[in-house]
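Numbering (this note's numbering), first residue to last: 223 to 488.
C-beta atoms are modelled at their ideal positions from N, C-alpha and C, and glycine is treated no differently.
Everything numeric in this text was worked out from a predicted model, so none of it was measured.
Structure, as structure tokens:
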């Protein structure tokens, strides 16, 4: 692939806060058509790195380019409007009494309340179609706050796709989701990856079980540095994961899905 395929490029990037290094130095390239998993122990720097990828902060040093625009010489507000975000931080900022359909519609302009814009019947039908695609047609008229955690995450996926973003960052989308909700979310992500012009995705996960089979690449972080990075089969393996989490780990893959346990449990 050429450099033109790069959606994100980080070169020797560091993020320092209060004299403490949170991330780096880190070099990473995300390309069109790739679906990345980001894993690591608590405090590894996952949230900080995601804030860079989502254009919510500048690096302290190094070069970071997102969607072809260099951070530090770009209006981050305009760049953020081109990036889809799914996570609790977004859900908390949306009006809970808005319907699921109205939440999806806010993705058109990247706004946080549907009454800040007007939408016609064609746009509303398109939003409902997206909800149906992500198995949420049954909550189309339901207040967002009354949706289950899993339903909310899938509504947010529909919201991000309504704007046709080239980059989608998912901040622990399976957090607090029960088993049926997790599996519905995984199925939705697999469907998204299989669609035409699917966005490049980066998913922060706590466990391998919440990753869809469509995951192509993975990055393991520990103390802000990359333990391993690359093709998913090479990274989500016994040795890299053991080094990342500091315990002896065994990994299995069935029907494209990963699972891991401490070796002592085998």
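Check for me: the beta strand (DSSP E) holding residue i runs from which residue to which?
i, result
"residue 452", "447-453"
"residue 234", "228-239"
"residue 243", "242-253"
"residue 257", "257-261"
"residue 283", "283-288"
"residue 392", "389-393"
"residue 440", "439-444"
Which residue from the options puts its Cα closest to that of residue i?
i, options, result
"residue 262", "457, 469, 428 and 422", "428"
"residue 351", "376, 336 and 338", "376"
"residue 330", "463, 387 and 412", "387"
"residue 302", "478, 463, 227 and 385", "385"
"residue 432", "462, 278, 478 and 468", "478"
"residue 335", "343, 315, 468 and 436", "315"
"residue 476", "442, 435 and 485", "435"
"residue 271", "426, 468 and 254", "426"
"residue 305", "378, 445 and 397", "378"
Look at residue i and residue j and say whether their C-beta atoms are less than 8 Å apart.
i, j, result
"residue 438", "residue 457", "no"
"residue 235", "residue 274", "yes"
"residue 232", "residue 244", "no"
"residue 391", "residue 241", "no"
"residue 395", "residue 414", "no"
"residue 318", "residue 365", "yes"
"residue 482", "residue 411", "no"
Going by other Cβ atoms of all chains shown within 10 Å of its Cβ, with 16 needed for buried, is residue i buried or exposed?
i, result
"residue 393", "buried"
"residue 417", "exposed"
"residue 361", "buried"
"residue 339", "exposed"
"residue 368", "exposed"
"residue 462", "buried"
"residue 401", "exposed"
Got a sec, what are the start and stop residues for the alpha helix (DSSP H) residue i sits in?
i, result
"residue 416", "401-416"
"residue 465", "460-467"
"residue 274", "268-275"
"residue 382", "371-384"
Hey, which unbroken runs of the beta strand (DSSP E) at 3 residues or more fall wholly within the region 294-367?
Here the runs fully enclosed are 305-309.
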